[in-house]
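Structure representation (structure tokens):
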């Protein structure tokens, strides 16, 4: 007979105070990223997910102005993509907290080390699983 594997939950390994601390950190990070995104981009109302589009700056009609506009837009677009990815990671971590699966490795089903979660609260995999995935093991 096959042995049934126990599904692990957040509160099996982490105390409520630790989870509350992580949640507060994630909520602050989410707010900070939204604020930064809104400083140079606008939210796309046509998508159901939180997606932003970098605004194209308008500094004037001179050649130097146009070159600076393109350069700044390129930087802002790169920053937008990075911040959107980080924002999604934060939102996914908050969902895992709500679903009682935060701190459980999505690859192994084992608990993620507490020090890893403190260093990177959006982690969804253990160090061991990450090393295997990146061929560092």
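Numbering (our numbering), first residue to last: 1035 to 1171. Cβ atoms here follow ideal geometry from the backbone N, Cα and C, with glycine treated the same way.
Look at the stretch 1039-1106 and you find these whole runs of alpha helix (DSSP H), each 4 residues long or longer: 1050-1072. In the structure shown, residue 1146 adopts coil according to DSSP, grouped into three states. Under the DSSP assignment, residue 1164 falls in the alpha helix (DSSP H) whose first and last residues are 1161-1167. Annotation for residue 1103: 1090, 1091, 1092, 1093 place their beta carbon closer than 8 Å to its own, counting only its chain and skipping 5 residues before and after.
Residue pairing of residue 1138 in beta bridges, as defined by DSSP: 1145. For residue 1108, the closest of 1118, 1073, 1088, 1126 by C-alpha to C-alpha distance is 1088. In the pairwise beta carbon analysis, the stretch 1094-1101 is classified as not touching the stretch 1114-1132: fewer than three pairs are separated by under 8 Å. In this structure the stretch 1046-1055 lies against the stretch 1130-1149, because at least three pairs of beta carbons, one per stretch, are closer than 8 Å. Rounded to the nearest angstrom, the gap between the Cα atoms of residue 1059 and residue 1164 is 23 Å. Between residue 1117 and residue 1061, the CB-CB gap reaches or exceeds 7 Å. Pairing residue 1067 with residue 1120 gives a Cβ-Cβ distance under 7 Å.
Rounded to whole angstroms, the separation of the alpha carbons of residue 1156 and residue 1134 is 14 Å. When secondary structure is reduced to three states using DSSP, residue 1133 falls in the coil class, being assigned neither helix nor strand. When only Cα atoms are considered, residue 1166 and residue 1113 end up about 29 Å apart.
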